[in-house]
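Numbering (the working numbering), first residue to last: 6 to 834.
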């Protein structure tokens with residue numbers, strides 16, 4: 006018959022044969038099952054359907070990797086994972102497992118691996134009457150003096166039965182006899198004791214020996230018996246039997262008491278004298294195991310420990326000691342030796358199921374491991390407390406005694422700590438307490454919860470212009486605190502428009518290394534700097550990313566030669582600088598104005614006189630470009646001079662431009678002196694001064710004659726044309742007959758033109774030009790251009806609306822120079 010109790014429900018199930026299955030209690034809170042099963046059942050015998058008892062589907066056991074973990078050394082039960090049937094795995098012998106203990110229990114746990122569920126099961130092993138009573142000796146000898154009075158009792162050693170309860174010895178029987186009868190006594194411990202009582206005096210002369218058959222009967226079903234022969238030997242005249250001073254001796258020993266330790270001493274006295282009063286002691290009613298542990302001194306009655314005691318193996322010993330005198334009379338006493346437990350066994354931690362890893366986003370109370378603890382000691386020495394060493398995000402919970410769940414207790418973060426060595430310590434309550442430790446190695450698996458982080462918030466890079474396509478600009482780097490694919494970082498450029506072109510037309514980035522390359526050459530004059538965003542993204546799910554700002558500076562290279570603004574190198578028409586002959590030293594003849602599209606020191610310009618027809622007469626300002634006279638003009642000086650000025654920048658290597666400046670020295674500004682001067686090549690200059698002097702003398706003579714003739718002609722018509730000249734002066738101011746090219750300031754020079762002005766006179770009718778007055782400075786007829794009117798000049802020469810100049814065109818630089826305050830200083834830095 007089996008019983009299953011779930012909450013308040015009782016289900017009965019009767020089985021035939023050997024099995025008596027009782028499921029006494031199933032507590033849903035701690036999932037504990039209790040069964041009762043008989044011993045000696047065959048292997049494979051069905052105990053119960055444990056899946057039904059727990060309310061579990063069989064597939065949970067199959068897919069969950071269910072198995073049974075026994076608390077003992079042998080696995081007495083097994084489970085069929087397909088059907089959920091609990092089966093006997095090995096023959097159960099209650100006597101071998103529990104000995105004399107009346108309540109014999111076996112414990113095991115049903116573990117479901119995948120779901121980390123734990124169900125504790127207790128099985129009570131019921132005794133069957135499989136052992137007959139056995140007397141310690143097949144022949145029991147009792148010597149009785151003939152003068153023993155009737156009513157004297159003679160103790161007989163009890164029969165031993167390994168079974169318990171009703172299956173143990175319940176009664177004794179003896180064959181009918183006129184001299185003796187059998188007395189069966191029940192002790193305080195409900196054990197049966199047998200004595201033979203003399204009911205009729207013995208006569209040594211009539212009967213010296215007799216045999217009695219003694220039978221021990223147990224209460225099992227079927228009933229079993231054991232027999233022994235009692236030999237009665239009649240002795241002659243021994244009136245007093247030995248008497249123990251205690252009927253029961255009790256003593257407590259600690260299990261650490263060593264070998265040859267005297268446990269106790271029994272004492273008996275005999276009133277007889279002589280040999281009838283000599284007493285010898287012997288152990289009676291002991292098993293073979295007790296005989297190996299204790300030894301009795303037959304003369305003194307001392308009981309000595311022979312082998313070490315172990316509370317965990319056996320905690321109580323019971324034996325009988327016989328005292329026999331020389332006349333054959335005996336008496337018995339009972340000796341009870343109790344073993345007190347000593348805390349000599351540390352707790353044992355059994356890891357039933359353990360996870361190797363949990364994700365870092367695991368919720369609180371996630372089960373990490375299941376474990377149970379055991380201690381072979383008893384009492385308080387076997388009470389165990391478990392704890393976790395250190396401060397860790399885990400805790401232990403106990404569904405029932407000595408069983409624990411290790412669960413998470415807080416947020417895990419793999420980036421802070423990826424591996425935990427969880428030390429679980431079990432401590433008993435003994436004195437001194439003993440402990441043991443189990444280490445659980447737990448890995449925290451990664452999730453994608455960290456963005457890539459650049460090592461800088463923004464990067465400053467630079468590249469020199471005119472670079473080769475594919476040139477390395479720089480590199481960015483981002484790191485991700487995650488691992489594996491969550492930490493694989495890929496780089497990309499966030500597309501944008503630069504000068505109406507996509508960013509990808511200028512730069513590209515290696516998605517793996519973060520190296521940034523130039524797609525095409527950069528031009529500093531077109532683009533000075535470039536700002537763009539680089540994105541780093543990981544490969545996790547979902548993908549996380551972050552951005553970094555890149556500031557790319559284009560470094561100028563000296564790739565532009567100086568550009569002349571004045572005099573224009575493309576102007577092939579008549580152009581000459583007119584200097585009055587009475588000009589003194591320092592007279593500003595002209596000013597060479599040039600700009601450089603480069604920047605910085607690459608745009609710092611210097612002016613040098615490369616060649617001159619008379620090096621002693623003219624010089625060029627290194628920083629201003631002003632052509633001035635070194636000395637006053639002498640009569641012997643030539644009227645025409647050709648100067649070659651070279652303009653250099655400060656780059657490495659330096660680039661330069663040359664310009665040829667024509668200078669005409671004249672007494673006045675009459676048209677006769679404004680002859681067209683053929684262009685001279687620099688190679689026409691010769692270093693031989695004799696040739697130049699002859700040519701100069703001829704030219705001066707020619708000019709002198711021409712000047713005299715022109716002067717006379719103009720004098721004749723001076724009075725007649727005075728009014729006409731006034732009208733002509735007004736006409737020239739508004740007409741295009743005469744064009745003026747005002748001297749421009751150099752982009753880096755800070756001076757002003759104060760005397761000399763470039764004049765370009767294109768005369769269609771020389772007769773309309775009045776003669777010079779011969780004054781030191783040019784008269785109003787020279788049509789000067791004041792720099793104060795430079796804004797109007799710039800507006801008149803503004804480029805067409807449809808002409809888009811480059812970002813650093815000559816026009817823009819001149820405009821910037823002319824519209825800012827002027828200074829006479831020029832600094833190289």
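Don't be surprised by glycine CBs; every beta carbon is placed ideally from N, CA and C.
Being a predicted model, the structure only gives us computed values, none of them experimental.
For my contact list, residue 470 and residue 560 are in at a C-beta cut-off of 8 Å; report their separation, rounded to the angstrom.
Going by Cβ atoms, the distance from residue 470 to residue 560 rounds to 7 Å, so yes, they are a contact pair.
For residue 460, collect the residues of the same chain with a Cβ closer than 6 Å to its Cβ; drop the 5 residues on either side in sequence, then sort them by chain order.
482
Quick one, are the C-beta atoms of residue 553 and residue 464 less than 9 Å apart?
yes
Is residue 747 helix, strand or coil when you go by DSSP?
Confidence at residue 747 is low in this model, with a pLDDT of 33, below 50, so its placement is unreliable and the value that follows should be read with caution. In the structure shown, residue 747 sits in coil (DSSP, three-state: anything other than H, G, I, E or B).
Separation of residue 40 from residue 396, as counted between CA atoms:
41 Å
Could you check if residue 212 is buried or exposed, using at least 16 other CB atoms within 10 Å of its CB as the buried criterion?
exposed
Classify residue 643: buried if its beta carbon has 16 or more other beta carbons within 10 angstroms, exposed otherwise.
buried
Hey, residue 614 and residue 648 are a contact pair by Cβ (cut 8 Å); roughly how many whole angstroms apart?
6 Å
Going by DSSP, what residue range makes up the beta strand (DSSP E) through residue 297?
In the DSSP assignment, residue 297 falls outside any beta strand (DSSP E) and lies within the alpha helix (DSSP H) extending over 293 to 298.
Drop a sphere of 10 angstroms on the beta-carbon of residue 324, count the other beta-carbons inside from all chains shown, and report buried for 16 or more, exposed for fewer.
buried
Are the Cβ atoms of residue 669 and residue 582 separated by less than 9 Å?
yes
In the structure shown, what three-state DSSP assignment does residue 72 receive?
strand
Nearest candidate by alpha-carbon position, reference residue 435, set 191, 505, 318, 384:
The shortest C-alpha separation from residue 435 is found at 384.
If you drop the 5 nearest sequence neighbours on each side, which residues of the same chain put their C-beta closer than 6 Å to that of residue 488?
451
Roughly how many angstroms lie between the CA atoms of residue 72 and residue 372, to the nearest whole one?
18 Å
Hey, residue 342 and residue 264: beta-carbon distance below 9 Å or not?
no
What are the start and end residues of the beta strand (DSSP E) that includes residue 552?
550 to 560
What number of angstroms, rounded off, separates the C-alpha of residue 315 from the C-alpha of residue 259?
9 Å
By the 10 Å Cβ neighbour count, where 16 or more other Cβ atoms means buried, how is residue 98 classified, buried or exposed?
exposed
Where does residue 279 fall in DSSP's three states?
helix
Kindly provide the ranges of any alpha helix (DSSP H) runs that are 4 or more residues long and lie completely inside the segment 329 to 354, ordered along the chain.
none
Taking just the CA atoms, how far does residue 496 sit from residue 655?
41 Å
Please list, in chain order, all residues of the same chain as residue 186 whose beta carbon is under 7 Å from its beta carbon, the five residues on each side excluded.
202, 204
Is the segment 224 to 231 touching the segment 300 to 319 in the sense that three or more CB pairs, one from each, lie closer than 8 Å?
Note that the segment 300 to 319 does not touch the segment 224 to 231; fewer than 3 beta-carbon pairs, one per stretch, sit closer than 8 Å.
Indicate the three-state DSSP secondary structure (helix, strand or coil) for residue 598 in the structure shown.
strand
Ends of the beta strand (DSSP E) at residue 102?
It is not in any beta strand (DSSP E) - residue 102 instead sits in the alpha helix (DSSP H) that spans 99 to 103.
How long is the line joining the alpha carbons of residue 386 and residue 345, rounded to whole angstroms?
11 Å
Can you name the start and end residues of the alpha helix (DSSP H) that residue 838 belongs to?
Because the chain in this structure spans residues 6 to 834, residue 838 falls outside the shown range and cannot be described.
When you compare only the Cα positions, how much space is there between residue 534 and residue 701?
Distance between the alpha carbons of residue 534 and residue 701: 57 Å.
In the DSSP assignment, what residue or residues form a beta bridge with residue 507?
502
What would DSSP say about residue 864, mapped onto helix, strand or coil?
The chain is shown only over 6 to 834; residue 864 falls outside these bounds and no answer can be derived.
Quick one: Cα of residue 797 to Cα of residue 466, how far?
At residue 797 the pLDDT is 38, less than 50, meaning the model places this residue with poor confidence and gives no usable figure here.
Report yes if the C-beta distance between residue 170 and residue 319 is below 9 Å; otherwise report no.
no
Residue range of the unbroken beta strand (DSSP E) whose run includes residue 157:
In the DSSP assignment, residue 157 falls outside any beta strand (DSSP E), carrying neither H nor E.
Quick one: what's residue 200 bridged to in DSSP?
Answer by DSSP bridge pairing, in chain order: 160, 188.
Buried versus exposed call for residue 83 [16 or more other C-beta atoms within 10 Å across all chains shown]
buried
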